[in-house]
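Engineer:
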Amino acid sequence: MFSKFQNRTEKIEPTFVLDILEKRIFEFCKLPNGKFLKGKKFEIKFYPYSNLGSSIRVSSEKLEFKIHSSYLSSELENLEAVIDLLLFKLLKYPIPDQLEETIRKFYENYTDQKISSNRNRKRVQLSSSQNKKLRDILEKLNDSYWKIDLSNLEIFWGKYRSTTRLGHYDPTHNMIVINPILSAQSIPNFVLEYIVFHELLHVYFPVVRKKGRNIIHGKEFKELEKKFLHYRQANFWLKSKHFRKMILH
1 MFSKFQNRTE KIEPTFVLDI LEKRIFEFCK LPNGKFLKGK KFEIKFYPYS
51 NLGSSIRVSS EKLEFKIHSS YLSSELENLE AVIDLLLFKL LKYPIPDQLE
101 ETIRKFYENY TDQKISSNRN RKRVQLSSSQ NKKLRDILEK LNDSYWKIDL
151 SNLEIFWGKY RSTTRLGHYD PTHNMIVINP ILSAQSIPNF VLEYIVFHEL
201 LHVYFPVVRK KGRNIIHGKE FKELEKKFLH YRQANFWLKS KHFRKMILH
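Numbered per full-length UniProt numbering, the sequence shown spans residues 1 to 249.
1) Within the continuous beta strand (DSSP E) that includes W237, where are the two ends?
2) Please report the distance separating the alpha-carbon of D19 from that of L229.
3) Under 8 Å, Cβ to Cβ, is there at least one residue of chain C near Y71?
4) Please go through the same chain and pick out, in chain order, the residues whose beta-carbon is closer than 8 Å to the beta-carbon of A184, but skip the five residues on each side of it.
5) Name the DSSP bridge partner or partners of G39?
6) Straight-line CA distance for E77 to E100?
7) What residue range is occupied by the uninterrupted alpha helix (DSSP H) comprising H202?
8) Which two residues bound the contiguous beta strand (DSSP E) that contains F228?
9) For the putative contact between L166 and I195, defined by C-beta atoms under 8 Å, what is the C-beta separation to the nearest angstrom?
10) By how many angstroms is the C-alpha of S70 removed from the C-alpha of L201?
11) With 16 as the cutoff for other CB atoms within 10 Å, does R135 come out buried or exposed?
12) Quick check: what's the CA-CA separation for Y150 versus N179?
13) Since I12 and L85 should fall inside the 8 Å C-beta cutoff, what is the C-beta to C-beta distance between them, to a whole number of angstroms?
14) Just to confirm, is the Cβ distance from S73 to F106 under 8 Å?
15) Quick one: using the 10 Å Cβ neighbour count with 16 as the cut-off for buried, is F16 buried or exposed?
16) Restricting to Cα atoms, I'd like to know which of V58, S60, K66, K35 is closest to Y49.
17) Contact defined as beta carbons within less than 8 Å: I believe K62 pairs with K40. What is the distance between those atoms, to the nearest angstrom?
18) Could you check where the alpha helix (DSSP H) with E77 kicks off and where it finishes?
19) Y169 and E199: beta carbons closer than 8 Å?
20) What is the DSSP secondary structure of K222, counted as helix, strand or coil?
21) Just how far apart, CA to CA, sit R34 and K133?
In C-alpha cells form, the structure reads like this:
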C-alpha cells in the first residue's frame, strides 16, 4: 500500500489521462453553465511548477489544461480532483468541501516530500515568480526546436553568481540551473535564451562514454547548437569586454 501522494512504480498512462479528462468534461457539460464545453477539443500538459499550481485556459475551440506533473505519480483520485477543481472554477461554481480537502491533503504531502528531497539539493532560487521567466523561455525553445517531454525537468536561477559558468544541467536532479548574473536588465533576451538553449541541448544529448572519454559536446550537439536563431549574436555578446567586466565585478 502507498499513501495518496506516494510515488507509484509507474506513472499514469497519457491515454488514460485523456480518458479521465473526457469523462470529467462530459459530466460538467450536464451542468447549467457547462453547455458551452460540449464539442470543444481539449488537451492536457504536465509541468513541474514550483508552487504546485495548475490552470485551465478556454478558447472558442479548445480547453487547455496545464497541471503539475506530480499528479501523474499520485493516485487517480488526486488527478480527477484537480481536473474537477479547474472545471468548477471555470464554470464559477463553489468548490465542494470534499474536493477542497482532497487537494489540501495532496498539497501538504507534496510539500513535505519536497522539503525532504530538497535537503541535499543545490542552492537554487525556488521562488516560482522569479523562475517563471526561465520556465517560459524553456517551454518556448522546446516548442520551437524539440517538442520533447519536459514534465519532469526543472529550471531555476542559482542563488549565487559564478565567474566560471553561466548555466549547467544536473541529470541527477533533472534540473537546469542558470547563473543569476544573467537576470540583470542589461542582458539581452537572446543571450539568456541562448544559455537556456545550450543547457537544454545537454538534456537532449546526454553525456556518452567513448574510448575512455566523456563526450559532452559531441558533433551533433555542436551542429544543433548553431541552429539557434541568434547563435552568432549571442556568442559575440558573451565575448564582449562589457560582459567580461560584468562577470569579474
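All C-beta atoms in this analysis are idealised placements derived from N, C-alpha and C, irrespective of residue type, glycine included.
Structural biologist: The structure says:
1) Unbroken run through W237 is the alpha helix (DSSP H), 231-238; no beta strand (DSSP E).
2) 39 Å
3) As a matter of chain content, chain C is missing from the structure shown, which is built from one protein chain.
4) M246
5) Beta-bridge pairing links G39 to no other residue.
6) 13 Å
7) 189-204
8) Where F228 is concerned, there is no enclosing beta strand (DSSP E), given that its DSSP letter is neither H nor E.
9) 5 Å
10) 24 Å
11) Residue burial annotation: R135 is buried, with at least 16 other C-beta atoms found within 10 angstroms of its C-beta.
12) What sits at residue 150 in the sequence shown is Leu, not Tyr. Here the alpha carbons of N179 and L150 stand approximately 21 Å from one another.
13) Contact doesn't hold; Cβ gap of about 17 Å is too wide.
14) no
15) F16 should be labelled exposed.
16) Just measuring C-alpha positions, the residue of V58, S60, K66, K35 sitting nearest Y49 is K66.
17) Indeed they touch by this definition, with Cβ atoms about 6 Å apart.
18) 76-90
19) Against a cut-off of 8 Å, the Cβ pair of E199 and Y169 comes out as a contact.
20) K222 falls in the helix class under three-state DSSP.
21) Sequence check: residue 34 is Gly here, not Arg. Distance between the alpha carbons of G34 and K133: 34 Å.
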